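Step one of this worksheet: look at the structure below.
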Amino acid sequence: MTPAHPLENRVVLAGFEEKNSWTLKVFEEKLGGYVAAKKAAKMSADEIINVVKEAGLRGLGGAGFPAGVKWSFIPKNPVKPVYLVVNADEGEPGTFKDRQILEHLPHRLIDGMICAASAVNAKTAYIYIRGELRLARLRMEAAVEEAYKAGYLGKNIFGSGRDLDITVHPGAGAYICGEETGLIESLEGDRGQPRLKPPFPAISGVFGGPTVVNNVETLAHVPGILIKGAKWFLELGAGTDRTSGTKLICVSGDVQRPGFYEIPVGMKLSSLLNDICGGPLPGRSFKACYPGGSSAPLLRADEFDVPMDFDSLAKAGTMMGSGAVIVMDDRRSIPEMAMRTARFYAHESCGQCVPCREGTRWLASILKRLCRGEGAMSDIDKLLDACDNMKGRTICVLADACAMPVESMLKKFRSEFEAIAKPDDQVEVTIPKVSGQMAALMESVRARQMTK
Amino acid sequence: MAYAFSEKLEKKFQWLLTRYPQSDAVLLPLLHEVQDEAGYLTPDAFDYVGSRLNLSPARVKEVASFYSMFRLNKKGKFVLQVCHNLSCYLAGADDIVKALEDKLGIKSGETTSDEIFTIERVECLASCSTAPVMQVNVWDYHEALTPEAALKIVDELRSGKLAMPSFDDRVAAGGEA
Ligand SMILES: Cc1cc2nc3c(=O)[nH]c(=O)nc-3n(C[C@H](O)[C@H](O)[C@H](O)COP(=O)(O)O)c2cc1C
Ligand code: SF4
Ligand code: FES
Numbered sequence: 000m001t002p003a004h005p006l007e008n009r010v011v012l013a014g015f016e017e018k019n020s021w022t023l024k025v026f027e028e029k030l031g032g033y034v035a036a037k038k039a040a041k042m043s044a045d046e047i048i049n050v051v052k053e054a055g056l057r058g059l060g061g062a063g064f065p066a067g068v069k070w071s072f073i074p075k076n077p078v079k080p081v082y083l084v085v086n087a088d089e090g091e092p093g094t095f096k097d098r099q100i101l102e103h104l105p106h107r108l109i110d111g112m113i114c115a116a117s118a119v120n121a122k123t124a125y126i127y128i129r130g131e132l133r134l135a136r137l138r139m140e141a142a143v144e145e146a147y148k149a150g151y152l153g154k155n156i157f158g159s160g161r162d163l164d165i166t167v168h169p170g171a172g173a174y175i176c177g178e179e180t181g182l183i184e185s186l187e188g189d190r191g192q193p194r195l196k197p198p199f200p201a202i203s204g205v206f207g208g209p210t211v212v213n214n215v216e217t218l219a220h221v222p223g224i225l226i227k228g229a230k231w232f233l234e235l236g237a238g239t240d241r242t243s244g245t246k247l248i249c250v251s252g253d254v255q256r257p258g259f260y261e262i263p264v265g266m267k268l269s270s271l272l273n274d275i276c277g278g279p280l281p282g283r284s285f286k287a288c289y290p291g292g293s294s295a296p297l298l299r300a301d302e303f304d305v306p307m308d309f310d311s312l313a314k315a316g317t318m319m320g321s322g323a324v325i326v327m328d329d330r331r332s333i334p335e336m337a338m339r340t341a342r343f344y345a346h347e348s349c350g351q352c353v354p355c356r357e358g359t360r361w362l363a364s365i366l367k368r369l370c371r372g373e374g375a376m377s378d379i380d381k382l383l384d385a386c387d388n389m390k391g392r393t394i395c396v397l398a399d400a401c402a403m404p405v406e407s408m409l410k411k412f413r414s415e416f417e418a419i420a421k422p423d424d425q426v427e428v429t430i431p432k433v434s435g436q437m438a439a440l441m442e443s444v445r446a447r448q449m450t451k
Numbered sequence: 000m001a002y003a004f005s006e007k008l009e010k011k012f013q014w015l016l017t018r019y020p021q022s023d024a025v026l027l028p029l030l031h032e033v034q035d036e037a038g039y040l041t042p043d044a045f046d047y048v049g050s051r052l053n054l055s056p057a058r059v060k061e062v063a064s065f066y067s068m069f070r071l072n073k074k075g076k077f078v079l080q081v082c083h084n085l086s087c088y089l090a091g092a093d094d095i096v097k098a099l100e101d102k103l104g105i106k107s108g109e110t111t112s113d114e115i116f117t118i119e120r121v122e123c124l125a126s127c128s129t130a131p132v133m134q135v136n137v138w139d140y141h142e143a144l145t146p147e148a149a150l151k152i153v154d155e156l157r158s159g160k161l162a163m164p165s166f167d168d169r170v171a172a173g174g175e176a
């Protein structure tokens with residue numbers, strides 16, 4: 000396995016290149032395995048929550064919600080059992096980071112899960128792994144079995160008086176099951192259709208119990224924080240006081256060295272793409288990128304001088320998301336990328352909400368027509384109008400995740416769409432405006448949901 | 000009811016039931032196992048799984064049909080799943096699909112008349128830095144593909160040179176390399 004680039008800092012991936020890194024033996028002998036779980040056994044739940052809060056660990060599955068804060072929402076004296084659920088459904092286009100941890104360092108995840116379960120008093124945990132990732136699932140299952148055999152899972156782990164059972168649960172091919180309430184529905188054996196919130200999972204999640212859902216990478220950071228402390232974690236970040244830790248970044252598309260890299264949070268996007276990834280392909284120049292997976296609004300090449308952290312990217316009108324940077328060079332057609340982005344979300348919409356079900360299809364089909372050279376100039380504004388009507392009106396944010404990148408492409412690269420559109424009087428069918436209509440339909444769906 | 004769990008699967012089923020507070024939750028892992036054994040999910044299998052979990056067959060089918068990995072129809076012995084999502088598209092996934100379609104004389108979504116190959120376009124397979132990617136039978140990842148390499152894989156699968164590892168073989172993946 001390739002050694003880390005000098006600008007990288009492998010923390011969750013520490014030991015990644017070690018032979019048989021996925022075995023308990025190597026993890027314990029060489030990688031400081033389960034030292035954190037042992038330490039957690041002597042800490043109170045609040046002590047664990049506090050150090051994670053102080054470290055500023057943010058959820059790395061996409062939304063960036065502070066992990067310690069999320070844990071503190073779990074009731075202290077719940078009526079029903081508390082559950083810890085690991086989101087290993089990695090499906091955001093461009094993303095392949097959690098897979099590295101699951102396949103190469105599964106015990107680090109278990110170590111982190113023991114700490115997190117201790118913090119919220121969960122006795123049962125599930126790892127929901129995307130069904131397609133079969134090697135990841137087998138490695139994870141084998142690691143859980145090893146941990147049970149060693150007495151690290153089950154009853155009274157590390158003499159803490161706490162119990163923890165972990166079960167690896169396979170998904171079956173549905174991007175929407177990465178959304179935490181869709182995941183909960185799926186884990187319960189149902190279709191993975193997201194739930195209306197509130198109630199939030201922390202109050203009523205899987206099997207009706209208070210539930211913490213965390214991403215793989217988030218939990219894999221916990222052992223380091225418990226052992227080395229909040230200050231250490233804060234100082235790993237490259238930027239201002241609001242950036243802490245490291246982040247796994249997946250780079251794909253038009254660069255010299257695509258791959259996954261663990262960088263200090265706050266490193267400049269331009270430094271990542273030029274210094275670590277070697278810049279554009281020979282004779283090419285960068286055009287744009289999705290900085291945080293396919294749901295993230297595009298950045299133009301002249302906007303690459305931005306620090307890779309949640310707040311800076313939000314300020315730049317986009318997001319860190321899953322940490323997947325998909326790069327396009329000067330050869331690429333933005334309308335074509337927009338069409339493919341919309342097509343993906345149209346395929347993955349669970350169909351519960353009208354603005355999402357109809358909006359994603361609408362975008363995909365209008366964009367297809369434009370890309371075929373049969374679209375009208377007025378389609379561009381109709382697309383923008385549809386995007387506007389999809390945002391903030393649905394049960395989950397999949398509709399927004401489709402509308403945001405497409406809207407950014409229409410706005411930042413409008414001339415590319417205009418160049419392939421025909422004057423309105425030269426197209427056969429004009430497309431009606433969507434506003435109003437969709438909003439009204441959505442209201443009725445929402446009302447129905449509320450009374451369910 | 001023609002379908003019933005094998006002895007091995009019955010054991011797995013009983014174990015699964017111990018892992019969840021509600022029996023419905025075993026549905027997805029269970030359907031995976033059934034599909035691994037039977038190749039696809041037949042109406043018989045829905046009846047049987049439903050009867051074991053106290054669910055109507057229609058309910059089992061309704062859940063199964065939500066998920067793209069569950070097969071409700073027979074497919075080819077080798078299902079060639081080519082990712083057509085963003086990074087793979089940038090790396091030339093369309094050329095891979097076209098080469099396969101031309102060679103096998105079918106469109107994606109179809110199965111060859113000898114029932115050996117099915118071509119499917121699928122979403123991101125989480126291997127985007129080594130695009131384009133093709134997964135065969137949810138087992139083997141073939142990465143950084145060219146049309147030529149994809150066609151060679153088809154030939155090797157057909158001639159038996161590239162055997163598909165069985166489930167048990169891969170359990171060894173948890174052991175040392
Ligand atoms: C459509 C959609 C897909 C998502 N997919 C994933 C995913 O594959 N993995 C993940 O960890 N989070 C995913 N999320 C985010 C989760 O809903 C949730 O925020 C996350 O699991 C929380 O964990 P964290 O706080 O540790 O990041 C997705 C969200 C949406 C709306
Ligand atoms: S926004 Fe889309 S994916 Fe999310 S619940 Fe509504 S229809 Fe389903
Ligand atoms: S886009 Fe094809 S593997 Fe991710």
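Top line first, the protein sequences correspond to chains A and B. Numbered per numbering that gives the first Met the number 0, the first sequence spans residues 0 to 451. Numbered per numbering that gives the first Met the number 0, the second sequence spans residues 0 to 176. No residue lacks a Cβ here, since even glycine has one placed at the ideal position from N, Cα and C. Quick caveat, the model's predicted, so the values are computed rather than measured.
Test: A:Trp231 CB closer than 8 Å to a CB of chain B: Stepping through the first sequence from its first residue, residue 231 of chain A is reached at position 232. So no, A:Trp231 is outside the interface.
Near-chain A residues of the region 111-132 of chain B (beta-carbon distance less than 7 Å), N- to C-terminal order: Glu122, Cys123, Leu124, Ala125, Ser126, Cys127, Ser128 and Ala130
Distance, A:Leu195 Cα to A:Met449 Cα: Taking the first sequence and counting its residues from 1, the one referred to as residue 449 of chain A is at position 450. Taking the first sequence and counting its residues from 1, the one referred to as residue 195 of chain A is at position 196. Because the pLDDT at A:Met449 is just 48, under 50, the model does not fix this residue reliably, and the value given afterwards should be weighed accordingly. The alpha-carbon atoms of A:Met449 and A:Leu195 are separated by roughly 8 Å.
Any non-hydrogen atom of ligand 3 closer than 7 Å to A:Leu134 Cβ: Within the first sequence, the letter at position 135 stands for residue 134 of chain A. No, the beta carbon of A:Leu134 sits no closer than 7 Å to any heavy atom of ligand 3.
Beta-carbon proximity list for A:Phe343, same chain, < 7 Å, skipping 5 on both sides: Residue 343 of chain A sits at position 344 when you count from the first residue of the first sequence. Excluding sequence neighbours, A:Phe343 sits near Pro92 and Ser293.
C-beta neighbour in chain B for A:Val11, strict 8 Å: Locating residue 11 of chain A in the first sequence gives position 12, where the first residue counts as 1. No, its Cβ sits nowhere closer than 8 Å to a Cβ of chain B.
Extent of the continuous alpha helix (DSSP H) to which A:Gln99 belongs: Here residue 99 of chain A refers to the residue found at position 100 when the first sequence is read from its first residue. Asp97 to His103 is the span of the alpha helix (DSSP H), which, as asked, contains A:Gln99.
Whole-angstrom C-beta distance between B:Gly108 and B:Glu100, which should lie under 8 Å: Against the second sequence, residue 100 of chain B aligns to sequence position 101. Against the second sequence, residue 108 of chain B aligns to sequence position 109. Not really, about 10 Å apart at Cβ, beyond 8 Å.
Distance, A:Met318 Cα to A:Arg331 Cα: Stepping through the first sequence from its first residue, residue 331 of chain A is reached at position 332. Stepping through the first sequence from its first residue, residue 318 of chain A is reached at position 319. Taking the straight line from one Cα to the other gives about 22 Å.
contact_flag[the region 143-151 of chain B, the region 371-388 of chain A] where n(CB pairs < 8 Å) is 3 or more: no
Any C-beta of chain B under 8 Å from that of A:Pro296: For the purposes of this step, residue 296 of chain A is taken as the residue at position 297 of the first sequence. Cβ-Cβ to chain B under 8 Å: no for A:Pro296.
Residue-chain proximity (B:Gln13, chain A), Cβ-Cβ < 8 Å: Residue numbering aside, residue 13 of chain B sits at position 14 when the second sequence is read from its first letter. Output row for B:Gln13: interface = no.
Ligand 1 heavy atom lying under 7 Å from the CB of A:Ile175: Locating residue 175 of chain A in the first sequence gives position 176, where the first residue counts as 1. Yes; taking the cut-off as 7 Å, the Cβ of A:Ile175 has a heavy atom of ligand 1 nearer than that.
Against chain B: residues of the region 85-111 of chain A by CB proximity under 7 Å: Glu89, Gly90, Pro92, Gly93, Thr94, Phe95 and Arg98
A:Ser348 Cβ short of 7 Å to ligand 2 heavy atom set: Translated into the one-based positions of the first sequence, residue 348 of chain A becomes position 349. Checking every heavy atom of ligand 2 against the Cβ of A:Ser348, one is found closer than 7 Å.
Pairwise C-alpha distance: B:Leu124 and B:Thr110: Numbered from its first residue, the second sequence carries residue 110 of chain B at position 111. Numbered from its first residue, the second sequence carries residue 124 of chain B at position 125. Distance between the alpha carbons of B:Thr110 and B:Leu124: 21 Å.
Endpoints, the alpha helix (DSSP H) within which A:Tyr344 is located: Within the first sequence, the letter at position 345 stands for residue 344 of chain A. Taken as a continuous stretch (DSSP letters only), the alpha helix (DSSP H) holding A:Tyr344 covers Ile333 to Glu347.
A:Asn388 burial status per 10 Å Cβ neighbour count (16 or more: buried): Locating residue 388 of chain A in the first sequence gives position 389, where the first residue counts as 1. Buried: at least 16 other Cβ atoms inside 10 Å.
Endpoints, alpha helix (DSSP H) assigned at B:Gln13: Locating residue 13 of chain B in the second sequence gives position 14, counting from the first residue. First-last of the alpha helix (DSSP H) with B:Gln13: Glu6 to Arg18.
Assigned exposure category for B:Ala98 - 16 Cβ within 10 Å defines buried: Residue mapping note: residue 98 of chain B aligns to position 99 of the second sequence, counting from 1. Looking at its Cβ environment, which holds 16 or more other Cβ atoms inside 10 Å, B:Ala98 is buried.
Distance cut-off 7 Å: A:Val68 Cβ against heavy atoms of ligand 1: On the first sequence, residue 68 of chain A is found 69 positions in, with the first residue counted as 1. For ligand 1, not one heavy atom lies less than 7 Å from the Cβ of A:Val68.
Cβ-based burial, A:Ser243 [other Cβ within 10 Å; buried from 16]: For the purposes of this step, residue 243 of chain A is identified with residue 244 of the first sequence, where counting begins at 1. Counting Cβ neighbours within 10 Å, A:Ser243 comes out buried, since at least 16 surround it.
First through last residue of the alpha helix (DSSP H) which encompasses A:Met327: Mapped onto the first sequence, residue 327 of chain A falls at position 328. Note, A:Met327: premise wrong, no alpha helix (DSSP H); beta strand (DSSP E) at Ala323 to Asp328.
Contact with chain B by A:Pro169, beta-carbon distance below 8 Å: Residue mapping note: residue 169 of chain A aligns to position 170 of the first sequence, counting from 1. So, interface residue.
Ligand 2 heavy atom lying under 7 Å from the CB of A:Thr340: Translated into positions along the first sequence, residue 340 of chain A becomes position 341. No, the beta carbon of A:Thr340 sits no closer than 7 Å to any heavy atom of ligand 2.
Among B:Tyr88, B:Glu142, B:Ser158 and B:Val132, the one whose alpha carbon lies nearest that of B:Ile115: Walking along the second sequence from the start, residue 115 of chain B turns up at place 116. Per the Cα distances, B:Ser158.
The region 235-269 of chain A: positions lying closer than 8 Å to chain B by Cβ: Cys249, Val250, Ser251, Gly252, Asp253, Pro257, Gly258 and Phe259
Counterpart residues of B:Leu89 in DSSP-defined beta bridges: As a position in the second sequence, residue 89 of chain B is number 90, starting the count at 1. B:Leu89 pairs with nothing; no bridge assigned.
Exposure of A:Gly265, with buried meaning 16 or more beta-carbon neighbours within 10 Å: Numbered from 1 along the first sequence, position 266 holds the residue referred to as residue 265 of chain A. Buried is the call here.
Beta carbon of A:Val51 nearer than 8 Å to that of A:Glu261: Reading the first sequence from its first residue, position 52 is the one you call residue 51 of chain A. Reading the first sequence from its first residue, position 262 is the one you call residue 261 of chain A. No, the Cβ-Cβ distance between A:Val51 and A:Glu261 is not below 8 Å.
Cβ contact (3+ pairs, closer than 8 Å) linking the region 80-100 of chain A and the region 196-208 of chain A: yes
Short CB-CB distance (under 8 Å) between B:Ala44 and chain A: Numbered from its first residue, the second sequence carries residue 44 of chain B at position 45. Taking Cβ atoms only, chain A never reaches closer than 8 Å to B:Ala44, which makes this a no.
Bridge partner(s) assigned by DSSP for A:Asp380: As a working note, residue 380 of chain A is residue 381 in the first sequence. Beta-bridge pairing links A:Asp380 to no other residue.
Beta carbon proximity, B:His141 to chain A, threshold 8 Å: Here the question's residue 141 of chain B lines up with position 142 in the second sequence. Judged by the 8 Å Cβ criterion, B:His141 is not in contact with chain A.
Buried versus exposed call for A:Phe64 [16 or more other C-beta atoms within 10 Å across all chains shown]: For this step, residue 64 of chain A is matched to residue 65 along the first sequence. So A:Phe64 ends up on the exposed side.
8 Å contact criterion, which A:Pro193 and A:Cys401 should meet: CB distance rounded: Along the first sequence, one-based indexing puts residue 193 of chain A at 194. Along the first sequence, one-based indexing puts residue 401 of chain A at 402. Not quite, the Cβ-Cβ distance comes to about 14 Å (not below 8 Å), so this is no contact.
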